[in-house]
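Q: Have a look at the structure that comes next, please.
Protein chains: 2
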Amino acid sequence: MADGTAEAQVKCAAAVGCGVIGAGWIARLRLSGIHVCAYDPAATALDVITEVHDNALRAWRQLDLEPAAERIGSLTMCSSIEATVANADFIVESVPERLELKHSTLLAIDAASIPTAIIASSTSGFKPSVLAEPLTHPGRLLVGHPFNPVYLLPLVEVVGGADTREDVIERAIELYRSLGMHPLRVRAEIDAHIADRLLEAVWREALWLVNDGIATTEEIDDAIRYGFGLRWAQMGLFETYRIAGGLGGMRHFIEQFGECLSWPWTKLMDVPELTDELIDTIAKQSDEQSGHLDVRELERIRDHNVAAMLLALERNDWGAGRTVAEMRRRSRS
Amino acid sequence: MADGTAEAQVKCAAAVGCGVIGAGWIARLRLSGIHVCAYDPAATALDVITEVHDNALRAWRQLDLEPAAERIGSLTMCSSIEATVANADFIVESVPERLELKHSTLLAIDAASIPTAIIASSTSGFKPSVLAEPLTHPGRLLVGHPFNPVYLLPLVEVVGGADTREDVIERAIELYRSLGMHPLRVRAEIDAHIADRLLEAVWREALWLVNDGIATTEEIDDAIRYGFGLRWAQMGLFETYRIAGGLGGMRHFIEQFGECLSWPWTKLMDVPELTDELIDTIAKQSDEQSGHLDVRELERIRDHNVAAMLLALERNDWGAGRTVAEMRRRSRS
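Here the protein sequences come in this chain order: A and B. Heads up: the first sequence begins at 254 in this note's numbering, then just goes up one per residue. Heads up: the second sequence begins at 254 in this note's numbering, then just goes up one per residue.
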C-alpha cells in the first residue's frame, strides 16, 4: 500500500471527460505526482480543471499535504481521445451519464490505448458489464466510482463486470490505495452500485417532503447536518444503530425497529413526479438558502469543512482520517 | 438566546423514561445547570443515567465545556411519575414507542404537573396531535425529538399539534437554544417528522442490499463514512447537490438527475420482509464488523469523533460548530 508499487506502474494517466468529476480525478492524480493527459470537447474544460486544481491545492495545503511544485504531475490537454490515451497506463472515463456516449467513448479508448492499460469508468449508475458490451478488450474495463470532491473524499466504489480480469481489479485497487483513497470492492453488479442507491432513497424522500410542503430544502439540510450527518461522517448506519440497540446490540435494535418498518411512514412506494412546479419550488428554496454564495465559494466552504473534519479524524486515528495518514506517508516519502 | 431568559424560567426539569434518550436529555440538562427529577421503572435506570452522564462529561471536557461541579444540576430519582413531575417547569417524556404507553404516561404527567409546565415528548414517530388525544391540557404538549447522543448532537425537531399553544412552542425553542441545541421547527405534523423519514428511507434500501447479498453491513457503513457522510456532517443534501449542479445550480442538477429518478434503480417500491434469516444475517455481519468493541467503547469512539468534528466546525464558524460556540458562551457566562 505504501511501497510505491502502483505509483511505479502508473507513470501517465489519461482523463477523458473533464467536468467536476474528471477534473477532481486529475487534481488527485497530479497532486500524487502522476502525469495526466486530458480530453474534453467543452471550451471551458481547462477552466474547470484549473479551478478544481486550485481548490484541491488549497485543501491539501490545509491538510499539510502540499507537494513541492516539481512533484506535481504535469497536465497535457489533448485534442482527441486517441492522442489522450495513447501512452496512458491508467485511463479514467468521466463523460456524462448517457449510455450511447459512454459506449462510443469507451470504444474509442479501447481502440487507441495500449492493451495493458486499465480503463476505469466513473459512472455512478451503469453496471460495468453493460458498459463493456461494445469493447474488444472488456477484460480491462472496470467501474471506479468516486465522490465529489474527488481530491478529498476517499471513497471509490470498485466494480468489475462479467469479463473484467481479477488482476485488473487488483491493480486498480492498489493504485487507488496509493492515492490515499478507500477502494470499496462491490461484489455484485447492480445499477447505481451501493452509495448512490442510499443517496437516491434519501433524495426521493426529500422530494416528497418538499413537494408536500412539509419542509424546505434548508430545513431538510439542517435536519441532516445538525443530526445524523455528524454520526455518518465517522460511523455508518449499522454501527450507529448497533449502539442504539444498547447492550442487546443489533438484534435488539432490529427487533424494536422491525414493527415500524411496516407503518405507513413514507411515500417510498411511489416516485414523485418532477413537475415544473416542483422544480421551481426546489430551485427557489435553494436560491433562498444558498444563493448568497456562488458555487465556487460553496465549494471552498465545503472543502474547508471536510478537510478540517478529516484532520480531526486523523488525530483520532479513525475512519476517513486514516486515509489522510496514508496520503501523508506518501507525500513525505 | 444567550441572555439566560429560558434558563431563568426552567429551574427544575423532569425526565420520565430514562433509556439512552432520556438519560441523554438528563445529561444535557444537568450539564447546563438545570436540576432534574427522573423516573423509570427499570431497575437499571440509574446505571444508564450514570453511564450516559459519564460519557457526556468526557465529551464536554473534550469540547472544553466542562462545568464546575457546583454548577452541574442535581439529579433526584423518584419512585412515581407524580412525584417526578410535581415541581417541574419542563417535562421530557422518553418512554418506548408504544402508543398506549405514551398515552398512559402523558396522561399521568398531565394530571400531576403544574399547568404552566411544558410537556415535551421525545417520540421519533408519533404526531403530537395523536399523543395529545387523552390529555386535559393538550395546549402545553409538543414533540421535541432529539438525536442520540443527545448531549452532543444539536438537532431537536420541534413539532406542535393541533392544540399546542404557540407560546409553548416558543418557550420550548428558547429553552433548546439555551441548551446549545438547534431547534428545527417542523411546520406540519407527519409520522416520523423529517429526519427519521430520511433515515428510514436509507434503512430500507440498506436492508435490501444486505438481503440480496450485494453488500455487508460493514461495506454499507464504509460507503457512507468514507463518502457522503463527510459531506452531510456540514452541508445537507440540497446544498451539496447545488454544488454538483455547478454554475447551473440546483435547477441544472435536478434536470440532469430527473431522468434517473424513473430508472428501476431501487427496491423502494416494496418493504423488505424482516425474516429471521435476514435478522440473523445482519446480526452476524454486525458482530463481525463491531463485535470486538462493546457498546460503551463504541459510544466513546463515536463521541470522541463527533466532539472532534464539532470542534473543527466551530473553528470554521460553520453549521453544528456554531452550537458549540453557543454552549461555550453559556458555560463561561
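Built from N, CA and C at the ideal position, the CB exists for glycine as well.
1) Check the Cβ-Cβ distances between H306(A) and every residue of chain B, and say whether any is below 8 Å.
2) How long is the line joining the alpha carbons of T493(B) and Q315(A), rounded to whole angstroms?
3) Among V269(B), A448(B) and W278(B), which has the Cα closest to the Cα of A365(B)?
4) Could you check what DSSP says for I372(A) in three-state terms: helix, strand or coil?
5) Taking the alpha helix (DSSP H) that G397(A) falls in, what are its first and last residues?
6) Going along chain A in order, which residues have a C-beta closer than 7 Å to the C-beta of E458(B)?
7) Roughly how many whole angstroms lie between the Cα atoms of G489(A) and V412(A)?
8) For a cutoff of 8 Å on Cβ pairs, would you count Y404(B) as touching chain A?
9) Taking 8 Å as the CB-CB limit, is F491(B) close to chain A?
10) Nearest to I507(A) by alpha carbon, out of D529(B), F491(B) and I507(B)?
11) Can you list, in chain order, the residues of its chain with a C-beta nearer than 6 Å to that of E319(B)? Leave out the 5 residues immediately preceding and following it.
12) Given D475(A), which residues of its chain have a CB within under 6 Å of its CB, disregarding the five upstream and five downstream residues?
13) What does F343(B) pair with, by DSSP beta-bridge criteria?
14) Might you give, ordered along the chain, the residues of its own chain that have their beta carbon closer than 6 Å to the beta carbon of R575(B), omitting 5 neighbours on each side?
15) Should A486(A) and A486(B) be called a contact, given that it needs their Cβ atoms to be closer than 8 Å?
16) Sort out for me which residues DSSP pairs G413(B) with in a bridge.
17) Anyone know if the C-beta pair for V403(B) and I274(B) falls short of 8 Å?
18) Along the chain, where does the beta strand (DSSP E) containing T329(B) start, and where does it finish?
19) What does DSSP give as the partner residue(s) for H288(B) in the beta ladder?
20) Could you tell me whether any Cβ in chain B is nearer than 8 Å to the Cβ of L318(A)?
21) For chain A, check one thing: does any of its Cβ atoms lie closer than 8 Å to the Cβ of N401(B)?
22) Specify the secondary structure class of P436(A) as computed by DSSP and reduced to three states.
23) Three-state secondary structure (DSSP) at D256(A)?
24) Tell me whether the beta-carbon of F343(A) lies closer than 8 Å to the beta-carbon of A370(A).
25) Taking one C-beta from the stretch 552-572 of chain B and one from the stretch 465-485 of chain A each time, how about it: are there three or more such pairs within less than 8 Å?
26) Going along the stretch 522-549 of chain A in order, which residues come within less than 7 Å of chain B, judged by CB to CB distance?
27) Just the C-alpha distance for D465(A) and V439(B), rounded to the nearest angstrom, thanks.
28) At a threshold of 7 Å, does F400(A) count as lining the ligand HEM (C-beta to nearest heavy atom)?
29) Could you confirm whether any beta carbon from chain B is found closer than 8 Å to the beta carbon of E346(A)?
30) For L408(B), write down the residues that DSSP places opposite it in a beta bridge.
31) Please report how far the alpha carbon of R324(B) lies from the alpha carbon of D317(A), in whole angstroms.
32) Distance check for R555(A) and S377(A), CA to CA, integer angstroms please.
33) Where does V403(A) sit, in a helix, a strand or coil, going by DSSP?
34) What is the residue span of the alpha helix (DSSP H) that P381(A) lies within?
35) Along chain A, which residues have their Cβ under 7 Å away from the Cβ of N588(B)?
36) Do we get a CB-CB distance below 8 Å when we pair A486(B) with the residues of chain A?
A: Here's the rundown:
1) Position 53 of the first sequence, counted from the first residue, corresponds to residue 306(A). Output row for H306(A): interface = no.
2) Mapped onto the second sequence, residue 493(B) falls at position 240. Mapped onto the first sequence, residue 315(A) falls at position 62. In a straight line, the C-alpha of T493(B) is about 21 Å away from that of Q315(A).
3) The residue you call residue 365(B) lines up with position 112 of the second sequence. Ranking the options by Cα distance to A365(B), first place goes to V269(B).
4) The count along the first sequence starts at 1 and reaches residue 372(A) at position 119. Three-state DSSP puts I372(A) in a strand.
5) On the first sequence, residue 397(A) is found 144 positions in, with the first residue counted as 1. Careful: G397(A) lies outside any alpha helix (DSSP H), inside the beta strand (DSSP E) at L394 to P399.
6) Translated into positions along the second sequence, residue 458(B) becomes position 205. Those are R450, L451 and A454, listed as they occur along chain A.
7) By one-based count along the first sequence, residue 489(A) stands at place 236. By one-based count along the first sequence, residue 412(A) stands at place 159. Near 21 Å, if we compare the C-alpha coordinates of V412(A) and G489(A).
8) Within the second sequence, residue 404(B) is the residue found at index 151, counting from 1. No, Y404(B) does not count as interfacial toward chain A.
9) Counting from 1 along the second sequence, the entry for residue 491(B) is found at position 238. Chain A contact via Cβ: present.
10) Taking the first sequence and counting its residues from 1, the one referred to as residue 507(A) is at position 254. Nearest C-alpha to I507(A): D529(B).
11) Start at 1 with the first residue of the second sequence, and residue 319(B) comes out as number 66. Answer for E319(B): W313, listed in chain order.
12) In the first sequence, residue 475(A) corresponds to position 222, counting from 1. Result list for D475(A): empty, nothing under 6 Å.
13) Indexing the second sequence from 1 puts residue 343(B) at position 90. Paired residues: A266(B) and I371(B).
14) By 1-based counting over the second sequence, the position of residue 575(B) is 322. Hits under 6 Å: none found.
15) Your numbering for residue 486(A) matches position 233 in the first sequence. Your numbering for residue 486(B) matches position 233 in the second sequence. Yes, they are a contact pair.
16) For the purposes of this step, residue 413(B) is identified with residue 160 of the second sequence, where counting begins at 1. Answer by DSSP bridge pairing, in chain order: L395(B).
17) Taking the second sequence and counting its residues from 1, one reaches residue 403(B) at position 150. Taking the second sequence and counting its residues from 1, one reaches residue 274(B) at position 21. Cβ atoms of V403(B) and I274(B): closer than 8 Å.
18) Position 76 of the second sequence holds residue 329(B). Segment L328 to M330, the beta strand (DSSP E) holding T329(B).
19) Start at 1 with the first residue of the second sequence, and residue 288(B) comes out as number 35. Its beta-bridge partners are C265(B).
20) In the first sequence, residue 318(A) corresponds to position 65, counting from 1. No, because no Cβ of chain B sits closer than 8 Å to the Cβ of L318(A).
21) Sequence index remark: in the second sequence, residue 401(B) carries index 148 (1-based). So, interface residue.
22) As a working mapping, residue 436(A) is identified with position 183 in the first sequence. It is a strand residue.
23) What you label residue 256(A) is simply residue 3 of the first sequence in a count that begins at 1. Confidence at D256(A) is low in this model, with a pLDDT of 43, below 50, so the placement of that residue is unreliable and no value is reported for it.
24) Here residue 343(A) refers to the residue found at position 90 of the first sequence. Here residue 370(A) refers to the residue found at position 117 of the first sequence. Contact: yes.
25) yes
26) M522, V524, L527, I532, I535, A536, S539, Q542, S543 and V548
27) The residue you call residue 465(A) lines up with position 212 of the first sequence. The residue you call residue 439(B) lines up with position 186 of the second sequence. If I take the Cα positions, the gap works out to 13 Å.
28) No copy of the ligand HEM appears in this structure; indeed no ligand is present at all.
29) If you number the first sequence from 1, residue 346(A) lands on position 93. Taking Cβ atoms only, chain B never reaches closer than 8 Å to E346(A), which makes this a no.
30) Counting from one through the second sequence, the residue named residue 408(B) turns up at place 155. Paired residue(s): H435(B).
31) As a position in the second sequence, residue 324(B) is number 71, starting the count at 1. As a position in the first sequence, residue 317(A) is number 64, starting the count at 1. Going by the C-alpha atoms only, they are around 40 Å apart.
32) Within the first sequence, residue 377(A) is the residue found at index 124, counting from 1. Within the first sequence, residue 555(A) is the residue found at index 302, counting from 1. Between S377(A) and R555(A), the C-alpha separation is close to 21 Å.
33) Walking along the first sequence from the start, residue 403(A) turns up at place 150. V403(A): coil per DSSP, three-state reduction.
34) Numbered from 1 along the first sequence, position 128 holds the residue referred to as residue 381(A). Looking at the DSSP string, the run of the alpha helix (DSSP H) that includes P381(A) is P381 to A385.
35) The displayed coordinates of chain B run from 254 to 586. Any statement about residue 588(B) would go beyond what the structure contains.
36) Counting from 1 along the second sequence, the entry for residue 486(B) is found at position 233. So, interface residue.
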